[in-house]
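*Asks:*
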Amino acid sequence: MSDRLLLPSRTGLAVPSSLNRRRFLGLGAAGAAAVALSACSGPSTSSDDAGTTDETSADDFAGVSPASEITFWSVHPGNSREADEELIRRFEEANPDISVTLVTAGANYEEVAQRFQTALQGDERPDVLMLSDVWWFKYFLNGTITPLDALLEAEGVELEDYHDTLIGDYTYDGRQWGMPYARSTPLFYYNKEHWAAAGLPDRGPETWDEFDEWAPALQANLDSGQSVFHHVKGASYVAWIFQSIIWAHGGRYSDDEFNITLDSAEAIGAGDYVRAQVHDLGYAGVTPDDNIIDLSSGGISATIGSTGSLSGLLESASFEVGASFLPAKDEFGCPTGGAGLSIPSGITPERQLAAMRFIKFVTEPENTAYYSQSVGYMPVRKSAVSLMEEAYNREPQRRVALEQLELTSPQDAARVYIPDGDQILGRGLERIMLQNEAAADVWPVVADELATSYEENVEPVIG
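Sequential numbering from 1 applies to the sequence shown in the UniProt record's numbering.
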């Protein structure tokens with residue numbers, strides 16, 4: 001096996017020191033400029049598939065009036081439809097000249113992205129589009145979402161009050177391509193009744209080694225066939241959750257020069273660790289359904305899930321739910337996740353301006369605090385934290401994600417910037433956990449698939 005499995009390097013693009021891991025680590029300044037040719041900074045009026053725009057300045061919006069009707073495509077993550085509807089009601093009350101139509105554009109992030117892809121061929125483009133952490137960059141590459149900087153200036157949005165990590169996740173080439181909305185980190189959730197019955201401390205495990213030591217005591221109180229812990233499948237973003245485990249082992253999917261590093265001893269060790277949890281230690285399984293439902297029903301003792309699952313879990317569980325930081329190993333690792341809001345290119349400046357007014361409104365401190373309390377996602381504004389104190393005191397589990405946010409890292413480019421990278425990695429993890437295949441046998445195949453996706457989807461765009 002080679003020391004490193006490299007993505008194709010025919011572009012010859014270096015990684016300038018000004019780029020950080022929140023940006024596409026493999027493109028470099030030349031690639032950024034090439035992509036940006038199809039998505040400049042002013043109002044977009046193009047209706048072609050590439051969503052090309054004329055390069056204009058922020059004051060082009062000075063004479064623009066917002067459209068009277070806009071459409072918001074959402075997937076209502078974390079069962080958030082009622083919260084979305086309430087925010088729309090508040091917006092229309094404050095902005096009576098603009099009405100918002102809410103469209104459930106899919107059951108998950110993949111479905112809304114696929115529907116948007118179809119809409120690009122016709123006239124059904126939304127005005128506000130919810131895109132997950134693994135989808136927005138694909139549409140940036142395609143030139144089908146618009147940079148928001150001119151709109152942010154026109155609407156007087158102050159980015160300094162947004163949490164730095166969350167706003168930075170949508171920053172590329174000095175421009176802002178999305179705004180945080182339903183943002184999360186993974187949390188370690190556990191059944192406190194199971195913990196007490198096993199005689200364990202009233203806290204989550206500080207390390208995976210500690211959890212391995214605790215698992216037999218938990219298993220002893222479960223029925224035959226029950227697991228202490230459930231992982232999720234590829235379609236449920238196991239690659240997002242496993243990213244914290246591979247980081248904890250000192251590995252990564254890819255490094256800062258966009259080399260795929262799945263053949264490192266640390267990455268192989270992390271893969272074999274989750275394999276051992278299922279097949280050797282025997283206390284973990286892979287849920288066929290929903291790991292949060294598995295936990296809330298008492299079927300398992302613990303799992304890792306999104307912050308966005310918290311409100312539903314607290315409401316549905318008949319026991320006291322514990323929430324803690326993720327376990328560490330050699331290191332601590334935690335990514336951010338969830339979804340943000342983007343504005344498509346190819347719609348009129350009037351619609352773009354109304355869309356930005358809506359995005360500004362729903363992310364204002366009192367509204368992001370409402371959304372956080374209703375659903376469980378993190379408030380995206382720093383000044384919203386003080387508005388959450390009562391909720392944090394009432395349900396201290398809600399504070400955990402915000403405290404953990406300070407320790408998060410930007411996600412590895414192999415997952416979020418290579419189209420289908422999340423699902424490619426997820427299929428590999430399913431082979432490791434479900435089929436009991438060694439990580440050293442699976443990761444090279446995964447690396448090849450990632451390289452192919454790069455060649456087919458990214459390289460043709462950047463030249």
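All residues carry an ideal CB built from backbone N, CA and C; glycine is no exception.
(1) Go to residue 426, then tell me how far its alpha helix (DSSP H) extends in each direction, as first and last residue.
(2) State the DSSP-derived secondary structure class of residue 534, mapped to helix, strand or coil.
(3) Got a sec? Which residues, its chain only, sit under 6 angstroms from residue 41 by beta carbon, not counting five neighbours each side?
(4) Using C-beta distances below 7 angstroms, list every residue in its chain close to residue 268, excluding the 5 sequence neighbours before and after it, in chain order.
(5) Considering only their Cβ atoms, is the gap separating residue 381 from residue 161 smaller than 9 angstroms?
(6) With DSSP run on the structure shown, which of helix, strand or coil describes residue 410?
(7) Using DSSP bridges, identify the partner residues of residue 176.
(8) Could you check whether residue 231 and residue 295 sit closer than 9 angstroms to each other, using their CB atoms as the reference points?
(9) If you scan the segment 144-228 from start to end, which runs of the beta strand (DSSP E) of 3 or more residues do you find wholly inside it?
(10) Determine the extent of the beta strand (DSSP E) in which residue 128 is found, giving its start and end residues.
(11) By DSSP, does residue 279 sit in helix, in strand, or in coil?
(12) Can you tell me which residues form a DSSP beta bridge with residue 341?
(13) Just the C-alpha distance for residue 221 and residue 253, rounded to the nearest angstrom, thanks.
(14) Which class does residue 418 belong to by DSSP, given the choice of helix, strand or coil?
(15) In three-state terms, what does DSSP make of residue 453?
(16) Counting Cβ pairs, one atom from each stretch, are 3 or more of them under 8 angstroms apart for the segment 276-283 and the segment 198-217?
(17) Tell me, which residues are paired with residue 464 by DSSP?
(18) DSSP on residue 440, reduced to helix/strand/coil?
(19) Where residue 244 and residue 63 are concerned, what is the direct C-alpha to C-alpha distance, given to the nearest angstrom?
(20) Can you say whether residue 289 is buried or exposed, counting buried as having 16 or more other CB atoms within 10 angstroms of its CB?
(21) Below 8 angstroms on the Cβ atoms is my guess for residue 127 versus residue 88; work out the distance and round it to an integer in Å.
(22) Using a Cβ-Cβ cutoff of less than 8 angstroms, which residues in the same chain neighbour residue 445 once the five nearest sequence positions on both sides are dropped?
(23) Quick one: grab the DSSP three-state call for residue 405.
(24) On the CB-based measure, 16 or more other CB atoms within 10 Å of its CB, does residue 94 come out buried or exposed?
(25) Do you know whose CA, among 247, 287 and 174, lies nearest residue 225's CA?
(26) Apply the 10 Å Cβ neighbour rule to residue 265 and answer buried if 16 or more other Cβ atoms are within range, or exposed otherwise.
(27) Pull the bridge partners of residue 336 from the DSSP assignment, please.
(28) What does a CB cutoff of less than 8 angstroms around residue 274 pick up in its chain, not counting 5 residues either side in sequence?
(29) Residue 131 and residue 342 - do their beta-carbons sit closer together than 9 angstroms?
(30) Just the C-alpha distance for residue 450 and residue 411, rounded to the nearest angstrom, thanks.
(31) Is any beta-carbon of chain B found at less than 9 angstroms from that of residue 461?
(32) Hey, out of 276, 311 and 166, whose CA is closest to residue 292's CA?
(33) Going by other Cβ atoms of all chains shown within 10 Å of its Cβ, with 16 needed for buried, is residue 183 buried or exposed?
(34) Roughly how many angstroms separate the alpha carbons of residue 413 and residue 258, rounded to a whole number?
(35) Excluding the 5 residues flanking residue 102 on each side, which residues of the same chain have their C-beta closer than 7 angstroms to its C-beta?
(36) Where residue 404 and residue 348 are concerned, what is the direct C-alpha to C-alpha distance, given to the nearest angstrom?
*Replies:* If we stick to the structure as given:
(1) 421-434
(2) This structure cannot speak to residue 534, because the chain is shown only from 1 to 463.
(3) Because residue 41 carries a pLDDT of 36, less than 50, the predicted location of this residue cannot be relied on, and no value is offered for it.
(4) 439, 440 and 443
(5) yes
(6) coil
(7) 171
(8) no
(9) 179-184 and 186-191
(10) 128-132
(11) helix
(12) 130 and 179
(13) 37 angstroms
(14) coil
(15) helix
(16) yes
(17) With the chain covering only 1 through 463, there is no way to say anything about residue 464.
(18) helix
(19) 47 angstroms
(20) exposed
(21) About 13 angstroms separates the two Cβ atoms, so there is no contact after all.
(22) 428
(23) helix
(24) exposed
(25) 287
(26) exposed
(27) For residue 336, which the question treats as bridged, DSSP gives no partner whatsoever.
(28) 231, 242, 245, 284, 429, 432 and 433
(29) yes
(30) 16 angstroms
(31) Protein chain content of the structure displayed is limited to a single chain, and chain B is not contained in it.
(32) 311
(33) buried
(34) 7 angstroms
(35) 72, 74, 84, 85 and 88
(36) 40 angstroms
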